[in-house]
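Protein chains in written order, with UniProt numbering: chain Z, 1 to 675; chain W, 1 to 675; chain X, 1 to 675.
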């Protein structure tokens, strides 16, 4: 087993930046902080292979031995996210090129094109060399391939590869012409040679081409990963392999599809909001990761990964100890916030809490990125908090037996988010991840647990399915939703769901073409709102971003628009379908209204909050397995709070007297008495 | 005659995007909406010539026949605004290049350089082929060349062509050196080979070079148009030829100069303001178009276009049925607004109201652009409104006999607007179109009709001439203005008029060099205002953007500056010159003050509003010919309004009882009793 | 002597833009304005050498003779800041290239790469030709090399030169790898050939590389200057040589290091703030210039420049007569402001007040830049004010004997400012020049004079040393500060000082690594503030931009943070060290608080304001030499002010009766009675 049964604590460790004396101090400090796992070698290529074919493994041998002696396991990284200077100089054709034709140069990280043959060969080379040397080193518990796959490129290698990928996908040009709607603007192709990547052009680009270019990159990066994984797996089939996901609108990666190819879903998470938003982002990221892990387990090839029992496993591979990177500056996390973020991940299924990074460097581009051992050294609040966190994680190992309990599913699809960002949409405020976050926030504030699912995933455990701006819908997705509702499921659909097919072509005849029958309505017109505009809703709420002319075809209004051109027309509707209800939101409600609406939908569906009496600002997450359950209570407020709960707080070992007293910013993890 | 005597209704029609079954439905729906004219083939090159020299005309034959059978006339387009993929691949040197040297690629539209010989040859080729096949097709009533000429480029072909154009213009380098003031910053040329396009450079560019580059592109695009026109005209001299103008600061086209070369001025108009601004922009665009049509008729070569009687003819070739494209989103036009915009154009002389586009496509870059038949289909508000508009247009054919009545002229000159946008101006808020719009808005709100004229146009019908930031003035323009005033005309000049010569070199000795004697003053210093700054004016108004030290030399103050460094000095002046008055505005007055000032100037000049008792928000436009007149009344408010008028409302056939009752947002067109 | 003992008045004169008749008018107008010195030929290369090797000196001969006859001295410029068109066409490889690889083109100015051999050869060529012809012309008093050195480039010539410079600097790659911390992100170099300029890259660049690239450009531009200087000096060792400094964040020039190579520090100064900020910027720029002049005199090679006695000499070489160029527009200077700005420079040591430019051109990129003779001509406020200024300067010649009196020193270091602008800093609001300006403003408003010093300069005349965000500190700087304090000096250090070493690597173990012992504290954590965030300070002030967790190690708190995570912790501290005090500011105080703090620090150090009873808004500067002193009083308010002072006002010749009455905006220069 790649972990030792405990929850992991640790982070990226870069011994190549430090002296051997510091290595020894590091192992001692890791022991104090109960570090169980460190990632080594992520950006060490230029130190491992300082010149082509010349290797220097001495320092790594020594470090791995030291760590092993100190009881610290190693996730050994392949260093392919940052080729050495010599590689870039020898292979300028493998440097990435922007859509404008600018060739990017060495001097940062990720300066390669993953479609360039020379890069792929070099990456396989160093991976195989590491595999040969370390696949059976006792310290190595896990392989971490690359770092945060997420680059794209427009070089000639890419163009050729994109064309091959399209030929695979479409077979003939008629299919591509239809999918990309090339009759518009005279873009009809009559030879594959005419097809290129979506380079900088005069005006709006082709949506089908833009969407397929993202899909192509997801597949191409995945292929780069799989090549390395297979080499590593061959060297020692017992060692699991993963790569750490990076989240962000710019990343051309469909993480759900990748989940079947990793032995462990590993996620880097850096919230960007300072206030409560950081906690909401943390909860959503963890729910996404758990969803990918489950999805991957179902999709994985049983030949290489035997079906597993128990909760789906994933790992928070990187997070920031003491900073929130937000626009324009790093916000310093308040005391206790690191632990609260970490335990929010653990509550949602992470096998631990890992950080970038162990020790803050004196130089380099990220010299001011935070670390468990900051510039100030171990005599610091931050290191002391990491020691406390290590101790806390140590006490919580048993929770890994529990699965997170949720009866609500949020559907998410990477391609929908990509398509909503295309030029030529009716509004430039359309933002799939923000729609997902708004729905998730509404549930989170209302106290409901939820899973994030991928269209096609089994839905039998859920009573309510939410589609937040799930823009694309092919027949399979429509069938999946319809089947769920017809089986008695409750459904909540937000505007912009089901508008287009998988090629981003609009379903004609009234929006949302994919779901209008199910919803009992037809949307006749869109009324996108200005950035600073609000519409009033009957019952007191407001809507932003979007509004619509909704014509009822069986649905009943829940609330309506007040004033303006839509005055008196329905804004939110519900439609009884068999035993279930299909709700529709034609605008983005304000947070309070959204919360009331999901509460009403959940109540109708028979779903309860995790901890109905938890006060506002106290997050409750329950993990359970037959015969046991654990309740995580996270107090995000700056005041003490009390919550009714019966059991033992694992962090203190103290039984509750029916009520848990949470200090300001504090956390409790209750092993619950027979619920 | 290209139209059938009725006002046109219709739009761009793209049968290449639809099945043959849809074609038949389209013709039926066109019949319901009384569509008279559709533009076909605009972006069909890749479907008409799928490979070099291989043509596919079958579908177009069938569509033209269907339309002809359905009684719909066709404006047949040459598809040269979007070359097929095969063209770009075969001629990469014909792809456009930005000032920074970025080669733009296929994937949108307009991805060609109009100075590239290969592009010009291919464009002539497809135009000649279409002419040979369709010049005598009974459905074809009009040729529409290309679409919205407006591209520029910095490729080597462009550089060579620019140099040839400069040699034609200047003859010798001394003249160019003087015009461009190359003594500044060591830019003196001693060989034509040194002269290039204004590529990206280290710091501020040369104003003369920038201005001539715009002029070069206007002439180059015009030559591309004329080539095609001549081919089409040769194939059938009876068919008129035009191209649709696109408006916008970025367009390097002097539309007034082009007007002599088109058989019909055709304008695409898309307002960008949401509130009343859309109506003001519509009125201005229509006045501009009418001015171009008149100007062109006077300038046209009598050998190819015989002098015409009656009102100058122009056509609104494209507009948006149900959207206003504004920053960040599409605003949905309120019920009735499509008709009101359309009839505002017709009131000002358009031969009808055409739209982009007939039917909204499922895919392509503009999949969410609105259409007469929207995604929802014909069972929709938008299609119903287009049916009503078709009926209304049908009833209004007689108004085409009337000419718009105006006694006020606004002068506009494309090159002045270009020069005001150059780097190195005293303020980055200088904006010629915005100055024109501000003056036009003042007149529009005060209820006056006006024409837009080009310097040099006859002025005998006008009592008041307005120069809004007419920055450039050569001797001919100065003589034109002076002659008008000396003949008793009244003149209103705004700041930034007459500052520079046609090469953008400042007239020395006191601003505005071209007009200071006529205005009876000398401006000693400019005082540009900060973006959020206002100056107070005596009498209660305010000024923005600009202020000046005005020294009187015969003029009298109308109002003065209050406070600040200009306290007590004149802000607005008037100067009696013979029988006329020359007014000067040294700042941009607020809208109310501007309206009062133009009202005072108009009253002094003896000009009356179109409909003196029309309430605010009700626009009145009169068309007249000897013996008849028609009064358009457009209620832009959201309340019913009443206006005194005697005659018959053509839209309802009901005689007024001395007063017209306009519903909120409604329109009436009164055939007036003997005025 | 390059001047005639008087204070200089004049500016850039471009006779190549004007006719010979205008030259004669110019000399007459210069006589009226008592112009003593004009710079000729700055951008005249294309007129002096219209084709390679073909020269036209006739016009320059005539102009120099005319000026000499008119009693006007000439600073003759080498025109190398703007090569002619023929040069760029012949040497496209000498055009500059951006980090993105965009080759910039001719058409502005400064379109060369100063590392390109062809450019350097051509520059030497025209300089040598000018030297041969004019080095002994009686009109020529001074050589002005080039104009505002400040370009950079990424072309292959640059890359090669950068590599050579790095080899010189580091000797071996181990040193470079250590300095640049290349262990981070796999950037370890094993061959010099791999090292390039910091081109556009995928993500954050390397801070060491970015910093050295700035240093390289400073040295490269200096070498270009020195080449020309040596040629000119050889032609006539008696003529002094200089180049005019341009100030700005973007300029890769360490002006302090250059000061040893110029015979006269010459500065162009254009404030960018409109309100009082223009006066504060003027005072700071002049203090900077004086500091460079002193620093340069100490560093200069005694072989070429013998040690001088008396006040350090510098010259305001360019300023704007009537405009303040601020964001988006030119603000027109109010009456009297030109003189006040000029005399603020003279008060601080400038040998006069020079302007860009003498006469405003009709054309060219800077056609609206102001001038002593504006577009309007000499019958103008601006020319009249320049006549008055000429007369005033004439009366003030005696003040050049006095040295500015200051007991406070502000330390500034160009590289620190560069490093604070690197990507990856904890906040994007970190701005070295703004920190310097904030500290200087606090002193200026409190009425204290100050000098700006370069780390290493002698400090024996100062009682208080201020380090405003002096980010970098090597051992020598630390020793310099420590030695000063140990000798009894008082010290005030602001946040971000002493954080990193000269390679921008963080000093570990607690911030600020360089000074924590001296300050008696250890900063454990940074808390950068959001752009709109403030922290409250005990005592009523506020802090912006930054805050810190300060742990006292001997220092005592002066004021503390109120509220938030730092509530109750120290914000400002002081530490007694021997006879001195070391103050620390962990945030940027608001202006009032900053002023109170520097006043307290100055008082503790025993420093008095220049003129303790001067009212707010009246600036006082004193120049003195043994036995005499002159007090400049500048009334920046719009009301009359009175100041106690005894002596004779040199501008009026009137003795004060113990009190000077300053009109609104007025200036007095008092030759003081025995102080």
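Beta carbons: idealized from backbone N, C-alpha and C, even for Gly. Keep in mind the model is a prediction, meaning the values are calculated, not measured.
Check: Between which two residues does the beta strand (DSSP E) holding residue 331 of chain W run?; Outcome: 329-332
Check: Three-state secondary structure (DSSP) at residue 202 of chain X?; Outcome: coil
Check: Please tell me whether residue 643 of chain W has its Cβ less than 9 Å away from any Cβ of chain X.; Outcome: no
Check: Cutting at 7 Å between CB atoms, please list the residues of its own chain near residue 296 of chain X, excluding the five before and the five after it.; Outcome: 259, 260, 262, 265
Check: Under 9 Å, do residue 496 of chain X and residue 481 of chain X count as touching if we go by C-beta distance?; Outcome: no
Check: Give, in chain order, every residue of the segment 9-31 of chain W whose Cβ lies closer than 9 Å to some Cβ of chain Z.; Outcome: 14, 16, 17, 18
Check: Which residues in chain X have a C-beta closer than 9 Å to the C-beta of residue 209 of chain W? List them in chain order.; Outcome: 107
Check: Taking the alpha-carbon of residue 130 of chain W as reference, which of W:91, W:57, W:68, W:35 has the nearest alpha-carbon?; Outcome: W:57
Check: Considering residue 711 of chain W, what are the terminal residues of the beta strand (DSSP E) in which it resides?; Outcome: There is simply no residue 711 of chain W to check, as chain W begins at 1 and stops at 675 in what is shown.
Check: Which chain W residues are close to residue 375 of chain X, counting only those with a beta carbon under 8 Å from its beta carbon?; Outcome: 506, 508, 509, 510, 511
Check: The beta strand (DSSP E) spanning residue 677 of chain X covers which residue range?; Outcome: Residue 677 of chain X lies beyond the residue range present for chain X, which begins at 1 and ends at 675; the question has no answer from this structure.
Check: Could you spell out where the beta strand (DSSP E) holding residue 26 of chain W opens and where it closes?; Outcome: From DSSP, residue 26 of chain W is part of no beta strand (DSSP E) but of the alpha helix (DSSP H) over 20-32.
Check: Tell whether a beta-carbon distance below 9 Å holds between residue 389 of chain X and residue 33 of chain X.; Outcome: yes
Check: If you measure beta-carbon to beta-carbon, which residues of the segment 556-581 of chain W are closer than 7 Å to chain X?; Outcome: 565
Check: Please name the residue or residues paired with residue 355 of chain X in a DSSP beta bridge.; Outcome: X:11
Check: Under the three-state reduction of DSSP, which class applies to residue 635 of chain X: helix, strand or coil?; Outcome: strand
Check: Taking Cβ positions only, does residue 184 of chain W come closer than 9 Å to chain X?; Outcome: yes
Check: What do you reckon, are the CB atoms on residue 365 of chain W and residue 324 of chain W nearer than 9 Å?; Outcome: no
Check: Answer yes or no: do residue 362 of chain W and residue 505 of chain Z have a C-beta to C-beta separation smaller than 9 Å?; Outcome: yes
Check: Going along chain W, which residues have a C-beta under 7 Å from residue 189 of chain Z?; Outcome: 85
Check: Within 9 Å (strictly less), CB to CB, does residue 332 of chain W reach chain Z?; Outcome: yes
Check: Can you pull the chain Z neighbours of residue 101 of chain X, defined as C-beta to C-beta under 7 Å?; Outcome: 102, 103
Check: Taking only three categories from DSSP, how would you classify residue 500 of chain X?; Outcome: strand
Check: Only counting the same chain, and skipping five residues up and downstream in sequence, which positions put a Cβ closer than 7 Å to that of residue 371 of chain X?; Outcome: 321, 357, 358, 359, 360
Check: For residue 580 of chain W, name the three-state secondary structure that DSSP assigns.; Outcome: strand
Check: By how many angstroms is the C-alpha of residue 577 of chain Z removed from the C-alpha of residue 486 of chain Z?; Outcome: 7 Å
Check: Should the segment 590-610 of chain W be regarded as contacting the segment 534-549 of chain W, the criterion being three or more beta carbon pairs within less than 8 Å?; Outcome: yes
Check: Does the structure place the segment 273-287 of chain Z close enough to the segment 433-443 of chain Z that three or more beta carbon pairs sit under 8 Å?; Outcome: yes
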